[in-house]
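This report concerns only the one structure given below.
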Amino acid sequence: MPAQVLQALVAGLLIGSVYALLAAGFSLIWGVAHVINIAHPALAVGAAYMVYALATRGVDPMASLAIVVPLFFAVGVGFHEWVIRPAARRASELALVSMVLTFGLAAALENALAAVWGPGPRVVNVSYTGVAIRLGELALPVSHVAGALLAAVTITALYLFLYKTFPGKAVRAVWQNRDGAALCGVDLRQVTSLTYGLAVASAGVAGVALTLIYSFSPASHLTWLIFVFLVVIVGGVGSLVGAVLAGMLVGAVINLAALVIPFAWVPFLLFASLGILLLWRPTGLFRR
Amino acid sequence: MSRAAVAVLVGMLLVLPWVGAREYPLALLYSTFMYAAMAVAWNIIGGFAGYLSFGHAAFFGLGGYTTGLLLVHAGLSPFLTAPVGGVVAAVFAAMTGYPCMRLRGPYFAVVTMILGLIVRALVLNFPWTGAAGGLWMPLPPWEPLAARRVFYYAMLAVFVLTVLTARAVRIGKMGVGLEAIREDEDAAQSIGVPAVRLKISALMLSAGLTGLVGGIYAYDRSYIHPDFMFDLNLSVLAVLMALLGGRQSWFGPVLGAVVVRFVDEILTIWIGTEAARIIFGLGLALVIVLLPDGLLPHLVQLRRRVPRKSAGRPVPVVRP
Numbered sequence: 009m010p011a012q013v014l015q016a017l018v019a020g021l022l023i024g025s026v027y028a029l030l031a032a033g034f035s036l037i038w039g040v041a042h043v044i045n046i047a048h049p050a051l052a053v054g055a056a057y058m059v060y061a062l063a064t065r066g067v068d069p070m071a072s073l074a075i076v077v078p079l080f081f082a083v084g085v086g087f088h089e090w091v092i093r094p095a096a097r098r099a100s101e102l103a104l105v106s107m108v109l110t111f112g113l114a115a116a117l118e119n120a121l122a123a124v125w126g127p128g129p130r131v132v133n134v135s136y137t138g139v140a141i142r143l144g145e146l147a148l149p150v151s152h153v154a155g156a157l158l159a160a161v162t163i164t165a166l167y168l169f170l171y172k173t174f175p176g177k178a179v180r181a182v183w184q185n186r187d188g189a190a191l192c193g194v195d196l197r198q199v200t201s202l203t204y205g206l207a208v209a210s211a212g213v214a215g216v217a218l219t220l221i222y223s224f225s226p227a228s229h230l231t232w233l234i235f236v237f238l239v240v241i242v243g244g245v246g247s248l249v250g251a252v253l254a255g256m257l258v259g260a261v262i263n264l265a266a267l268v269i270p271f272a273w274v275p276f277l278l279f280a281s282l283g284i285l286l287l288w289r290p291t292g293l294f295r296r
Numbered sequence: 621m622s623r624a625a626v627a628v629l630v631g632m633l634l635v636l637p638w639v640g641a642r643e644y645p646l647a648l649l650y651s652t653f654m655y656a657a658m659a660v661a662w663n664i665i666g667g668f669a670g671y672l673s674f675g676h677a678a679f680f681g682l683g684g685y686t687t688g689l690l691l692v693h694a695g696l697s698p699f700l701t702a703p704v705g706g707v708v709a710a711v712f713a714a715m716t717g718y719p720c721m722r723l724r725g726p727y728f729a730v731v732t733m734i735l736g737l738i739v740r741a742l743v744l745n746f747p748w749t750g751a752a753g754g755l756w757m758p759l760p761p762w763e764p765l766a767a768r769r770v771f772y773y774a775m776l777a778v779f780v781l782t783v784l785t786a787r788a789v790r791i792g793k794m795g796v797g798l799e800a801i802r803e804d805e806d807a808a809q810s811i812g813v814p815a816v817r818l819k820i821s822a823l824m825l826s827a828g829l830t831g832l833v834g835g836i837y838a839y840d841r842s843y844i845h846p847d848f849m850f851d852l853n854l855s856v857l858a859v860l861m862a863l864l865g866g867r868q869s870w871f872g873p874v875l876g877a878v879v880v881r882f883v884d885e886i887l888t889i890w891i892g893t894e895a896a897r898i899i900f901g902l903g904l905a906l907v908i909v910l911l912p913d914g915l916l917p918h919l920v921q922l923r924r925r926v927p928r929k930s931a932g933r934p935v936p937v938v939r940p
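Protein chains in written order, with the numbering used here: chain A, 9 to 296; chain B, 621 to 940.
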């Protein structure tokens, strides 16, 4: 059944692009600020609920980007200035402290969403929900393609920013060597704030893409967290290209695996492949 | 704390159920012992060795599901099988710990967190664990007050066992080795510290004790579900309590557990669950922002500043 396999592969790549976008922002924060942002998928789910609230008032998810992106950029900058910086000044082990800290924020956000919209799952319906493009035997839901395209465009924009612009190069310099970058006159505080803004804004975009592909509930950020972690471990922290490749790989593997093994065993497969990966290449597949 | 103070405290806790304590205080102390035992057990690998596990809920849940399944299918009392739960958790820890221990620092923390989440997904999907419906067990055969007393003593015993184990590890040769690993693993290995063996032993001890706690807790609930037996909250709470109290001794995590447990209880009573969870999450974030290295270093500093009446003997130096 090659058609089924192809269908699963394409579906996996489409959803994989959203994993990649989430993981890119997550690993950007990890690399530049040494903060492990457990709240990253929770922020995406928060964005999804914003899209949902706007969609019930007739705003298309794509149009809601105009609100989500600037708002989430501001949230990211504020988060760095008022939450992370005070903690970083006092903490001796920022990575550990930040995991507990951002977990607390994620839990607060999850419960706030549950308090407003209830714990049940929600879906966003748009005019093109249920419409599919047919390519031979392949059927591609328009909303999935739109979500994946959105993720792909955002990742490309991030890539161009990081590799082609001066501030982007400063971000990468801090990522590679914090002290060295500071010695060359890079303003660490500004660069870190900018990174936060971009990363959280990209989480917002991922949330918008999410509403086009999946249903979501306040607790679903935990499932997304597994995928983000997997992608980052497979791709290695410190590489945007690694995150993209790993995101596609994880998406494709999960979808293809679901064809051959019962669904209940998919987590087991993830588990086993993670163990093998750690024994074989503990620093990730795509790390330089 | 001095030896006499500890003896008096344990004595008071032992007689408490017989001097008029009703169900509620017993239940509150029971859950405090549980959290404290988890935090102290976590600290064996997280504090002493510096390997920060964010997946201890997996061990807790495995212990709970072991006793639960043994009770349902073989009719064995969880008080007998809780050690089996601990062994299952320890064996699982050894199997997963071996690949994970190749990672250090935040990588280790993140991978253990994934492990915890994946184990939860596994149990949610396997029909023989009750899957998403949860697992119903026969009720414990006691009246409510008697049951509270029984579980109070059981958890107190587990807590004391955990503290004694952690203390023995800390003051023994193993503790020295773990400290060396925490400070500089490569240097420690180069002078002959068997790092892998020590790390795996510490993780197994930590996981086994956590599994034991889970086994007792499962019997008390008599209905278990992956959502709370493998709750990420539990993993993070164990870290938080150790972090809040201080990670260098067995006493820090106990202090952290008492603080966290009582704050949580007060919030739940006064505000109700959902809003309490929001406040708890934000409060947790605030505490971490203000006191990222925990309470104990500040308390020690406070003690240093205030000259004590029995001056003359040097104040013990506790590294922050």
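We put the CB at the ideal spot given by N, CA and C, even for glycine.
For residue i and residue j, I'd like the C-alpha separation in whole angstroms.
i                     : j                     : result
residue 672 (chain B) : residue 725 (chain B) : 7 Å
residue 928 (chain B) : residue 98 (chain A)  : A caution first: residue 928 (chain B) carries a pLDDT of 49, below 50, which makes its placement in the model too unreliable to give a value.
residue 167 (chain A) : residue 885 (chain B) : 47 Å
residue 857 (chain B) : residue 132 (chain A) : 34 Å
residue 20 (chain A)  : residue 154 (chain A) : 14 Å
residue 910 (chain B) : residue 94 (chain A)  : 8 Å
residue 158 (chain A) : residue 213 (chain A) : 8 Å
residue 664 (chain B) : residue 705 (chain B) : 19 Å
residue 648 (chain B) : residue 137 (chain A) : 51 Å
residue 80 (chain A)  : residue 60 (chain A)  : 16 Å
residue 738 (chain B) : residue 113 (chain A) : 22 Å
residue 630 (chain B) : residue 784 (chain B) : 13 Å
residue 897 (chain B) : residue 216 (chain A) : 26 Å
residue 149 (chain A) : residue 250 (chain A) : 27 Å
residue 104 (chain A) : residue 761 (chain B) : 43 Å
residue 803 (chain B) : residue 778 (chain B) : 30 Å
residue 895 (chain B) : residue 25 (chain A)  : 35 Å
residue 125 (chain A) : residue 90 (chain A)  : 28 Å
Let me know the secondary structure DSSP gives residue i once reduced to three states.
i                     : result
residue 843 (chain B) : strand
residue 49 (chain A)  : helix
residue 241 (chain A) : helix
residue 646 (chain B) : helix
residue 910 (chain B) : helix
residue 761 (chain B) : coil
residue 94 (chain A)  : helix
residue 723 (chain B) : coil
residue 65 (chain A)  : coil
residue 99 (chain A)  : coil
residue 224 (chain A) : strand
residue 149 (chain A) : strand
Using a Cβ-Cβ cut-off of 7 Å, state whether residue i counts as contacting chain B.
i                     : result
residue 275 (chain A) : yes
residue 2 (chain A)   : There is simply no residue 2 (chain A) to check, as chain A begins at 9 and stops at 296 in what is shown.
residue 33 (chain A)  : no
residue 23 (chain A)  : no
residue 301 (chain A) : Nothing in the structure corresponds to residue 301 (chain A), since chain A is present only between 9 and 296.
residue 269 (chain A) : no
residue 290 (chain A) : yes
residue 45 (chain A)  : no
residue 174 (chain A) : no
residue 119 (chain A) : yes
Verify the CB distance criterion: does residue i have a CB-CB separation below 7 Å to chain A?
i                     : result
residue 801 (chain B) : no
residue 741 (chain B) : yes
residue 726 (chain B) : yes
residue 738 (chain B) : yes
residue 778 (chain B) : no
residue 860 (chain B) : yes
residue 722 (chain B) : yes
Mark residue i as exposed unless 16 or more other C-beta atoms lie within 10 angstroms of its C-beta, in which case mark it buried.
i                     : result
residue 793 (chain B) : exposed
residue 145 (chain A) : exposed
residue 152 (chain A) : buried
residue 173 (chain A) : exposed
residue 185 (chain A) : exposed
residue 676 (chain B) : buried
residue 191 (chain A) : exposed
So is the beta-carbon of residue i under 6 Å away from any non-hydrogen atom of the ligand ADP?
i                     : result
residue 758 (chain B) : Annotation note on the ligand ADP: not contained in the displayed structure, which lists no ligands.
Q. What residues in the segment 896–914 of chain B have a beta carbon less than 7 Å from any beta carbon of chain A?
A. Listed by position, the residues of the segment 896–914 of chain B near chain A (Cβ gap below 7 Å) are 897, 898, 901, 902, 904, 905, 908, 909, 912, 913.
**Q.** Under 9 Å (Cβ pairs) to chain B, residues found in the segment 192–222 of chain A
**A.** Those would be none; no residue qualifies.
Q | Positions along the segment 669–686 of chain B whose CB lies within less than 8 Å of some CB in chain A | A | Result list: 672, 674.
Q | Members of the segment 87–112 of chain A that neighbour chain B once the beta carbon cut-off is set at 7 Å | A | Going along the segment 87–112 of chain A in chain order, one finds 91, 94, 95, 98, 99, 100, 103, 104, 105, 107, 108, 109, 111, 112 with a Cβ nearer than 7 Å to chain B.
Q.
Which residues of the segment 742–760 of chain B have a Cβ closer than 7 Å to any Cβ of chain C? Give them in chain order.
A. In the structure shown, chain C cannot be found, because the protein chains are A and B.
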